[in-house]
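What follows is one structure encoded as structure tokens, with my remarks underneath.
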Amino acid sequence: MALKIVYQICCGIDVHKTFVVACIASTNKQGVTTYKRHRFSTFTQGLKELLQWLLDNHCKDVCMESTGKYWIPIYNVLEKDCNIVLAHPKYVKAIRGKKTDKKDAKWIADLFKHDLVAGSFMPPADIRQLRDLMRYRFKLTCFMSSEKNRLQNCLTVSNIQLASVVSDTFGKSSQRILDKILENPDDTSFDIEPLIHGSMKKKLPELELAIDGFITPEQAGKLKVIKKHFEDLESRKAELEKLILALASPYQQELDLILTAPSFKNKFTAIGIISEIGVNMEAFPSAKHLCSWAGLTPTNNESAGKKKSVRVSKAGCYIKPLLVQCANSVVKSEK
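Those letters in the sequence shown? Residues 1 to 335, by full-length UniProt numbering.
If you want it as structure tokens, here you go:
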């Protein structure tokens, strides 16, 4: 039985860094398909020519690979005038031994005309911008965590055991003590009582023992660089968060709703959820579909009637950690 042709006129695009290869598949009433191929530059002018070529050929349905970040400029140019299906490369991979750029584009078009391509979820442009900023914020947080670890390693090497006495090495009192040490690394016998506050005054004898270490000039220099870098990352993150809050302001109602859920206390956690899944849930037929898309459910692995035990999928590498952290918070609070 022949496969049903869903799209009479459609286009498959093979995406590369400097060029794209587009193939329009036009099927007549007799079921005969003809193809038109063209190669375009990925400069903006070339992408505009691609759009005009599609419109001239009355092609509004387009399918392309999500290759790295290279697909994004193409998507941005075509989005307003075309219906775009973005496909994971593994779902449109051509047969080995028959792989060229032109054949790849034709293969994508052939799969797409029969509606055999599973499209990726694509939220609106403003949500995508919010997603980009939130993911960058996540990277900055990771950079800051790395710098914290490096600073702690320097203190460990120098036998400055602040972490054994205080709960947060980056707290105000701890940072005052560290700044004082770095003023003169050779002298750790200074009076630390004026530098600490609150409950830490009870730990004064332990703190005096903890800071009695030996910092080489090299370690002291490294500590200063780490501290400056960490403080700069803090400032850059604060600037980024202002941009994020401004961009997320139209979704205040949805954010307030998310914040009513257990363990959702941080506004940026709620923004992170919206940035990944958007606010229009019509893209997900059910809660199970959303959980599967977020990588929170085991994948399917069944053969000969036997179901093999599998882990959760690698999908949702940004939203999954957020939801897992919130779930763990609820579990701990119930204990």
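The beta carbon of each residue, even a glycine, is placed where N, CA and C say it ideally should be.
Using a Cβ-Cβ cutoff of less than 6 Å, which residues in the same chain neighbour residue i once the five nearest sequence positions on both sides are dropped?
i      : result
Pro123 : Gly278
Asn57  : Ile24
Enumerate in chain order the residues of its own chain whose CB-to-CB distance from residue i is below 7 Å, with the five nearest sequence positions on each side excluded.
i      : result
Gly46  : Phe40
Gly119 : Val85, Leu86, Ala87
Ser313 : Gly295, Thr299
Asn159 : Gly213, Phe214
Phe264 : Ile258, Ala270, Cys326
Could you pull the start and end residues of the beta strand (DSSP E) that residue i belongs to?
i     : result
Glu65 : 61-65
Rank the options by C-alpha distance to the C-alpha of residue i and give the top, closest one.
i      : options                        : result
Phe143 : Phe230, Gly213, Ala261, Val166 : Phe230
Gln30  : Lys307, Ile5, Gly213           : Ile5
Lys36  : Cys11, Lys93, Leu3             : Cys11
Ser235 : Leu116, Trp53, Leu140, Trp71   : Leu140
Trp71  : Phe43, Leu55, Ala94, Lys60     : Phe43
Going by the DSSP bridge assignment, what does residue i pair with across the sheet?
i      : result
Phe40  : Val20
Ile84  : Val62
Pro298 : Val312
Gly119 : Ala87
Thr33  : Thr27
When you compare only the Cα positions, how much space is there between residue i and residue j?
i      : j      : result
Val21  : Ile127 : 28 Å
Val331 : Asp104 : 48 Å
Phe214 : Leu207 : 15 Å
Lys148 : Phe170 : 8 Å
Lys172 : Gln325 : 26 Å
Ala248 : Gln161 : 42 Å
Asp179 : Lys80  : 55 Å
Ile244 : Ser189 : 45 Å
Gln253 : Cys154 : 46 Å
Here's a check: name, in chain order, each residue in its chain whose Cβ is nearer than 8 Å to the Cβ of residue i, leaving out the five neighbours to either side.
i      : result
Leu204 : Ile192, Glu193, Ile196
Met1   : With a pLDDT of only 49 at Met1, under the threshold of 50, the placement of this residue in the model should not be trusted, and no figure is reported.
Leu233 : Leu140, Phe143, Met144, Glu147
Ala109 : Cys10, Cys11, Gly12, Cys23, Ile24, Ala25, Tyr35, Cys63
Need the endpoints of the alpha helix (DSSP H) that residue i sits in, please.
i      : result
Asp14  : First-last for Asp14: 9-15, but that is the beta strand (DSSP E), not the alpha helix (DSSP H).
Val225 : 217-248
Glu193 : Counting along the chain, Glu193 falls outside any alpha helix (DSSP H), and DSSP gives it neither H nor E.
Tyr136 : 125-157
Asp186 : Note, Asp186: premise wrong, no alpha helix (DSSP H); not H, not E.
Glu206 : 204-210
Lys288 : 287-293
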